[in-house]
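Beneath this line is the structure, given in structure tokens, with notes to follow.
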Amino acid sequence: MIPLVYDQINAWGKDDEFFLRLLNKINAEKIADLGCGTGRLTTHFVKAGNRITAIDPNEEAIDYAKSKECPEGVTWIVGDSTNLQPRAFDAVLMTANVAQVFLTEESWKAVISDAYRALKPGGHFIFDTRNPLAKVWEEWEKDETPDVATDPLSGERLEIWTEYEGFADDVFTFYETVKNARTDEVVIHEKMQLRFRTQEEIYKSLHQAGFSQIQTYGDWEFEQATEETKSFIFHGVK
Ligand SMILES: C[S@@+](CC[C@H](N)C(=O)[O-])C[C@H]1O[C@@H](n2cnc3c(N)ncnc32)[C@H](O)[C@@H]1O
């Protein structure tokens, strides 16, 4: 995640609408937005009247989020799931594939167990993640054009180039380079890795952590996921 350009290259989409609709359905009041990043969705959750604890380990992203115009009701924390208070939330959310940043089994189990502990009885754990069977990285690898953004300070045009290392051991590795389009100067170069887990693996880990009524929606229409859906949206209840 590169806070400097993240909001500019991640436009509002069907996935974001989905999360707002789902939160509305379950009538959650106190929400943890884990891996909130630049607060792209957090600010919408709070506008819907929710009280939010928004957590991310990326300090620059949290600083950016705090600088946005946002109504009262958000507590911003630089941290991770270990900062979640026990039995405090009606819902814990991880949006925009935060679930895929947990590369090891150990870190994945730890975040699920922290989410479980943080929920009130009857609370909801909701997150999305990409279906490994859809092999979306094959589409990504065909795209050779850079994304473009504007440097908010200088107003200069930036290009975001992606190099793909590939998929190995369920992890897709790639590199993002932000360049000044005029001078070609490299502003940021970052390695990124995403872990892909199957629907069965995730279901099993949620079940083992104690979650029940586990639903898996596919592709933002509240329909049950199939083998072909590009994304899974998991929804479990404590
Ligand atoms: C793709 S961004 C999603 C941001 C935001 N949820 C959204 O919808 O725009 C993934 C986020 O996960 C965060 N992240 C990385 N490691 C994390 C961890 N251990 N716990 C929580 N979040 C983490 C990153 O800093 C990044 O902001």
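Numbering-wise (the working numbering), the sequence shown opens with residue 1 and increments by one.
Every residue gets a Cβ at the ideal spot worked out from N, C-alpha and C, and that includes glycine.
Option in the options with minimal Cα separation from residue i
i	options	result
G39	T229, V171, Q213, A54	A54
T245	G79, G218, V46	The question about residue 245 has no answer, for the chain in this structure spans 1 to 238.
G37	L20, R87, N97, F19	N97
I214	I233, I31, K142, T42	I233
A118	K30, K68, H44, S231	K30
F18	S231, G35, E190	S231
E69	V78, N83, K47	K47
T129	D80, A225, P57	A225
A134	R51, E221, R197	R197
G210	A28, E223, G236	G236
S81	A32, K238, A149	A32
Y164	K142, Y6, H44	K142
Proximity test, residue i beta-carbon vs ligand 1 heavy atom, cut-off 7 angstroms
i	result
N10	yes
A149	no
C70	no
N97	yes
G23	This sequence places Leu at residue 23; Gly is not what is there. Incorrect: L23 has no Cβ contact closer than 7 angstroms to ligand 1.
G13	no
S81	yes
M1	yes
G122	no
L41	yes
A118	no
L34	yes
V5	no
V101	yes
D63	no
N58	yes
G236	no
G73	no
G218	no
Exposure of residue i, with buried meaning 16 or more beta-carbon neighbours within 10 Å
i	result
H207	exposed
D63	exposed
Q100	buried
W140	exposed
T145	exposed
T75	exposed
T92	According to the sequence displayed, residue 92 carries Val and not Thr. Result: buried.
H189	exposed
L12	Note that residue 12 corresponds to Trp in the displayed sequence, not to Leu. Exposed, because fewer than 16 other Cβ atoms sit within 10 Å of the Cβ of W12.
K191	exposed
L34	buried
A168	exposed
E176	buried
L194	buried
V178	buried
V283	An answer regarding residue 283 cannot be provided, because it is not within the stretch 1 to 238 covered by the chain.
D90	buried
Neighbour flag for residue i against chain D, beta carbons, 8 angstroms
i	result
E176	No chain D appears in the structure shown, which is made up of a single protein chain.
*Unbroken alpha helix (DSSP H) runs of length 4 or more, entirely within the stretch 128-196: which are they?*
136-142
_Touching by the beta-carbon criterion (3+ pairs, under 8 angstroms), the stretch 103-112 and the stretch 201-216_ = yes
_So, does the stretch 113-129 touch the stretch 19-32, judging by three or more C-beta pairs under 8 angstroms?_
Yes: the two stretches touch, three or more of their Cβ pairs being nearer than 8 angstroms.
_Would you call the stretch 155-162 in contact with the stretch 174-185, where contact means no fewer than 3 C-beta pairs closer than 8 angstroms?_
yes
*asked:* As an exercise, report each continuous beta strand (DSSP E) stretch of at least 3 residues that is fully enclosed by the stretch 53-86, in chain order.
replied: 74-78
_Threshold first: 4 residues or longer. Then list the alpha helix (DSSP H) segments lying entirely within the stretch 4-63, N to C._
With a minimum length of 4 residues, the continuous alpha helix (DSSP H) runs that stay inside the stretch 4-63 are 14-26, 42-47.
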